[in-house]
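Q: For the sequence shown, our numbering begins at 1 and goes up steadily by one. Here a beta-carbon is modelled for each residue, glycine too, at the ideal position from N, C-alpha and C. Here the structure is a predicted model, which is why all the values come from computation and not from measurement.
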Amino acid sequence: MVNIGQGVNEIRIREDNGQFRIIYVAKFTDAVHVLHVFQKKTQRTAKADIDLARKRYREITGRTP
1 MVNIGQGVNE IRIREDNGQF RIIYVAKFTD AVHVLHVFQK KTQRTAKADI DLARKRYREI
61 TGRTP
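#1: Could you check the C-alpha separation between residue 63 and residue 18 for me, to the nearest Å?
#2: Quick check: what's the CA-CA separation for residue 31 versus residue 25?
#3: Report the start-end ranges of each beta strand (DSSP E) in the stretch 36–64 that is 3 residues or longer and not cut off at the edges.
#4: Kindly list the residues whose CB is nearer than 6 Å to the CB of residue 11, restricted to its own chain and excluding five residues on each side of it in sequence; keep chain order.
#5: With a cut-off of 8 Å on the beta carbons, I'd call residue 56 and residue 36 a contact; round off their distance for me.
#6: Could you check the C-alpha separation between residue 9 and residue 42 for me, to the nearest Å?
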């Protein structure tokens, strides 16, 4: 998830009722920051979901990717 920010990772969950994604950053010693959680409805991740995670990353770090 380098397009969102350095150290950003993704957890993918597949269940009977759909696919879900958790975008997070765990590079800080005191916390794991969850940037966004959403249900996937298509093969491709929506731009709005990526933009929201990127915005939250900037709020936490003060940096852009």
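A: With the structure as the only source:
#1: For this step, residue 63 is matched to residue 63 along the sequence shown. For this step, residue 18 is matched to residue 18 along the sequence shown. Cα to Cα, residue 63 sits roughly 33 Å from residue 18.
#2: Position 31 of the sequence shown, counted from the first residue, corresponds to residue 31. Position 25 of the sequence shown, counted from the first residue, corresponds to residue 25. For residue 31 and residue 25, the distance between alpha carbons rounds to 9 Å.
#3: none
#4: Position 11 of the sequence shown holds residue 11. Here the set comprises 22.
#5: Against the sequence shown, residue 56 aligns to sequence position 56. Against the sequence shown, residue 36 aligns to sequence position 36. That belief holds up - the Cβ atoms of residue 56 and residue 36 are roughly 7 Å apart, short of 8 Å.
#6: Along the sequence shown, read from residue 1 onward, the residue named residue 9 stands at position 9. Along the sequence shown, read from residue 1 onward, the residue named residue 42 stands at position 42. Their backbone Cα atoms lie some 20 Å apart in a straight line.
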